[in-house]
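Undergrad: One structure is given below, represented as structure tokens, and several questions about it will come after.
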DNA sequence: GGAACTCGCCAC
DNA sequence: AAACGTGGCGAGTTCC
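Residue numbers (the working numbering): 1330 to 1798.
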């Protein structure tokens, strides 16, 4: 493994202070509801067994069994499943894995439109929750607490990683998985959990590198909204109105299907597919009326057919023009920064972070333009983590930091200290960090969430400072 | 019986 | 110039 190491004294100090602060968080750890973990593991096992029983009685399974000549299929084995689907049944995989095998991931299986495969996907999901998360917590717990590790010496970007257990990939988007997993994690008895994250820190840090005027305006003007603007452009909406059915969905499709992938270095074709995938199946490559999400009085496909987009190919051409406009006009200064940074890497063999680190070694174009942003964005959080840890201890708070998820800190808060802690974190993250680093030329903002006293990590709700204090 | 690998999937 | 960046981890599989 390529071993990164800091290139400047300031960079070294950040890692040194960071390791100590993270070590204290590891020591504190997080309370685990052991009884819940055991009971929920058993409940999931019962549900999994019932689903497996039902699956064993399907025509699909019996066929699979026969093709193995008496051997019992292992329904956890994607290799066996892939063989059955793509070699025995001769179905056509929609995509292959890196080694050229037919893919059996969720997207590929759904495309085959075989009802029994939905049961298999449901089983996969439940096993992931039980085996990776609940059992993973139980395996690592000591005296009813888990103490996740936070590493600063692994990621090539100088980001952090976490393990035993990984505190940075606990389900959040899928409601059921989120509930089951986060219901296991609690503040100390009589305490409450607090989470504070930087809003859009990677976008803000990228702006510190290139200072693209369009991007600066988007960051500084609270009325502007680049995801809204891109939704309007991609989907050709005359106006954007969050109260119109479907508009918020399209904003989020533009954000996660175009803006962020473009920043990471994706290109128009993938973006077009991603932004069109809600529109139902395209058996002949052409869209029909009434497909896709509801939009206004009709559907998305009605709207786009009206705009002349009859097929994915036409839509992709449209997205290609938008990509050209995105980098050639809208964010041309950002685009120039990418090119300059790439040239510099080719000349010197490394790329510099604003925080004093260097990323070297063999890198692709996307790596060179992404690493400095990803790394320095995390360093904002790490610097804030160090300062907050120092201040909490100096002021003899009972509240302590317990973890960090790239752009977010998690604290175990003593309830009487809640509002003071909120003030402290706001000050550290939005004032002290930018004061220490003059290269931060855009305002940084945060979002805060808290759990009820003795509430689990699943019960986090937005925190609004009490104005009377 | 363990190391190394593949695949899929969770987070930011 | 290249065609989505960074991690961890479980189960299955292959190799020694």
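Here a beta-carbon is modelled for each residue, glycine too, at the ideal position from N, C-alpha and C.
Just to confirm before moving on: does the CB-CB distance between residue 1555 and residue 1547 stay below 7 Å?
TA: On the first chain, position 226 is the one that residue 1555 refers to. On the first chain, position 218 is the one that residue 1547 refers to. Against a cut-off of 7 Å, the Cβ pair of residue 1547 and residue 1555 comes out as a contact.
Undergrad: Would DSSP call residue 1480 helix, strand or coil?
TA: Here the question's residue 1480 lines up with position 151 in the first chain. DSSP places residue 1480 in strand when its eight states are reduced to three.
Undergrad: Can you grab the Cα-Cα spacing for the pair residue 1603 / residue 1586, in whole Å?
TA: In the first chain, counting from the first residue as 1, residue 1603 sits at position 274. In the first chain, counting from the first residue as 1, residue 1586 sits at position 257. Looking at the two C-alpha atoms, the distance is approximately 5 Å.
Undergrad: Which residue's Cα is closest to the Cα of residue 1674: 1655, 1685, 1381, 1696?
TA: Position 345 of the first chain, counting from 1, holds the residue named residue 1674. Nearest C-alpha to residue 1674: 1696.
Undergrad: Between which two residues does the beta strand (DSSP E) carrying residue 1729 extend?
TA: Here residue 1729 refers to the residue found at position 400 when the first chain is read from its first residue. From DSSP, the beta strand (DSSP E) with residue 1729 extends over 1729-1733.
Undergrad: So, helix, strand or coil for residue 1626, using DSSP?
TA: By 1-based counting over the first chain, the position of residue 1626 is 297. Correct three-state label for residue 1626: coil.
Undergrad: Quick one: measure Cβ to Cβ for residue 1787 and residue 1395, integer angstroms, because I've assumed they're closer than 8 Å.
TA: As a first step, residue 1787 is located in the first chain; it is residue number 458 there, counting from the start. As a first step, residue 1395 is located in the first chain; it is residue number 66 there, counting from the start. Incorrect: roughly 44 Å between the Cβ atoms, too far for contact.
Undergrad: Using the three-state DSSP reduction, which class does residue 1425 fall into: helix, strand or coil?
TA: Sequence index remark: in the first chain, residue 1425 carries index 96 (1-based). DSSP places residue 1425 in strand when its eight states are reduced to three.
Undergrad: Can you find at least 3 beta carbon pairs, one from the region 1731-1742 and one from the region 1495-1504, that sit closer than 8 Å?
TA: Touching, per the Cβ criterion.
Undergrad: Hey, would you say residue 1752 sits closer than 7 Å to residue 1726, going by beta carbons?
TA: Sequence index remark: in the first chain, residue 1752 carries index 423 (1-based). Sequence index remark: in the first chain, residue 1726 carries index 397 (1-based). No, Cβ-Cβ distance for residue 1752 and residue 1726 is not below 7 Å.
Undergrad: By how many angstroms is the C-alpha of residue 1535 removed from the C-alpha of residue 1662?
TA: The residue given as residue 1662 occupies position 333 in the first chain. The residue given as residue 1535 occupies position 206 in the first chain. The straight-line gap from Cα to Cα measures roughly 11 Å.
Undergrad: Could you give the first and the last residue of the continuous beta strand (DSSP E) run that contains residue 1689?
TA: By 1-based counting over the first chain, the position of residue 1689 is 360. That run of the beta strand (DSSP E) goes 1687-1689.
Undergrad: Whole angstroms are fine: how far does the CA of residue 1410 sit from the CA of residue 1378?
TA: Along the first chain, one-based indexing puts residue 1378 at 49. Along the first chain, one-based indexing puts residue 1410 at 81. Their backbone Cα atoms lie some 19 Å apart in a straight line.
Undergrad: Under the assumption that residue 1514 contacts residue 1741 (Cβ atoms under 8 Å), give the Cβ distance between them as a whole number of angstroms.
TA: Along the first chain, read from residue 1 onward, the residue named residue 1514 stands at position 185. Along the first chain, read from residue 1 onward, the residue named residue 1741 stands at position 412. No, residue 1514 and residue 1741 are not in contact; Cβ-Cβ is about 11 Å, not under 8 Å.
Undergrad: Restricting to Cα atoms, I'd like to know which of 1433, 1419, 1783 is closest to residue 1425.
TA: Within the first chain, the letter at position 96 stands for residue 1425. Comparing Cα positions, the closest option is 1433.
Undergrad: What does the alpha-carbon distance come out to for the pair residue 1288 and residue 1569?
TA: This structure leaves residue 1288 out entirely; the chain is present only between 1330 and 1798.
Undergrad: Where residue 1416 and residue 1540 are concerned, what is the direct C-alpha to C-alpha distance, given to the nearest angstrom?
TA: Taking the first chain and counting its residues from 1, one reaches residue 1416 at position 87. Taking the first chain and counting its residues from 1, one reaches residue 1540 at position 211. Their backbone Cα atoms lie some 53 Å apart in a straight line.
Undergrad: For residue 1789, does the three-state DSSP call read helix, strand or coil?
TA: In the first chain, the residue the question calls residue 1789 occupies position 460. The answer is coil: DSSP assigns residue 1789 none of H, G, I, E or B.
Undergrad: Grouping DSSP H, G and I as helix and E and B as strand, with all else coil, what is residue 1390?
TA: Numbered from 1 along the first chain, position 61 holds the residue referred to as residue 1390. Here residue 1390 sits in helix by DSSP.
Undergrad: Taking 8 Å as the threshold, find out whether the region 1701-1711 comes into contact with the region 1674-1684 through three or more Cβ pairs.
TA: The region 1701-1711 vs the region 1674-1684: in contact.
Undergrad: Runs of 3 residues minimum, wholly inside the region 1339-1377: which ones carry the beta strand (DSSP E) assignment?
TA: As far as the region 1339-1377 is concerned, its whole beta strand (DSSP E) runs of at least 3 residues are 1359-1361.
Undergrad: Would a C-beta distance cut-off of 7 Å place residue 1490 and residue 1484 closer than the cut-off?
TA: Residue mapping note: residue 1490 aligns to position 161 of the first chain, counting from 1. Residue mapping note: residue 1484 aligns to position 155 of the first chain, counting from 1. Closer than 7 Å, so yes.
Undergrad: Can you give the beta carbon distance from residue 1782 to residue 1773, rounded, assuming they're within the 8 Å contact cut?
TA: Reading the first chain from its first residue, position 453 is the one you call residue 1782. Reading the first chain from its first residue, position 444 is the one you call residue 1773. Going by Cβ atoms, the distance from residue 1782 to residue 1773 rounds to 29 Å, so no, they are not a contact pair.
Undergrad: Roughly how many whole angstroms lie between the Cα atoms of residue 1689 and residue 1672?
TA: Reading the first chain from its first residue, position 360 is the one you call residue 1689. Reading the first chain from its first residue, position 343 is the one you call residue 1672. Whole-angstrom Cα-Cα distance: 14 Å.
Undergrad: Does the contact criterion of 3 or more C-beta pairs under 8 Å hold for the region 1358-1366 versus the region 1466-1474?
TA: With a cut-off of 8 Å, the region 1466-1474 and the region 1358-1366 count as touching, because enough Cβ pairs lie within range.
Undergrad: What are the complete beta strand (DSSP E) segments, minimum 3 residues, inside the region 1500-1528?
TA: Counting only runs of 3 or more, we get 1521-1527.
Undergrad: Excluding five sequence neighbours on each side, which residues of the same chain lie with their C-beta closer than 7 Å to the C-beta of residue 1578?
TA: On the first chain, position 249 is the one that residue 1578 refers to. Once the five neighbours on either side are set aside, the close Cβ partners of residue 1578 are 1622.
Undergrad: Residues in the same chain with beta-carbon distance under 6 Å from residue 1707, minus the five sequence neighbours each way, listed in chain order, please.
TA: The residue labelled residue 1707 in the question sits at position 378 within the first chain. 1488, 1735, listed in sequence order.
Undergrad: What first and last residue would you give for the beta strand (DSSP E) that runs through residue 1679?
TA: To locate residue 1679, count along the first chain from 1; it is residue 350. It spans 1679-1681 - the beta strand (DSSP E) in which residue 1679 sits, taken as one unbroken run.
Undergrad: Considering residue 1739, what are the terminal residues of the beta strand (DSSP E) in which it resides?
TA: By 1-based counting over the first chain, the position of residue 1739 is 410. Taken as a continuous stretch (DSSP letters only), the beta strand (DSSP E) holding residue 1739 covers 1737-1742.
Undergrad: Within the present structure, is the beta-carbon of residue 1381 separated from the nearest heavy atom of the ligand SAH by less than 6 Å?
TA: This structure lacks the ligand SAH, and indeed carries no ligand of any kind.
Undergrad: Output the boundary residues of the beta strand (DSSP E) element that contains residue 1448.
TA: Here the question's residue 1448 lines up with position 119 in the first chain. Note, residue 1448: premise wrong, no beta strand (DSSP E); alpha helix (DSSP H) at 1444-1456.
Undergrad: How many Å lie between residue 1666 and residue 1618 at the Cα?
TA: Position 337 of the first chain, counting from 1, holds the residue named residue 1666. Position 289 of the first chain, counting from 1, holds the residue named residue 1618. Looking at the two C-alpha atoms, the distance is approximately 43 Å.
Undergrad: Would you kindly report the start and end of the unbroken alpha helix (DSSP H) that includes residue 1779?
TA: Reading the first chain from its first residue, position 450 is the one you call residue 1779. Here residue 1779 belongs to no alpha helix (DSSP H); instead the beta strand (DSSP E) covers 1775-1779.
Undergrad: Using CA atoms only, rank isn't needed, just tell me which of 1596, 1694, 1511, 1456 is closest to residue 1406.
TA: Start at 1 with the first residue of the first chain, and residue 1406 comes out as number 77. Minimum Cα distance to residue 1406 is reached at 1456.
Undergrad: Using the beta-carbon count (16 or more within 10 Å), is residue 1760 buried or exposed?
TA: Here residue 1760 corresponds to residue number 431 of the first chain, with the count starting at 1. With fewer than 16 Cβ atoms within 10 Å of its Cβ, residue 1760 is classed as exposed.
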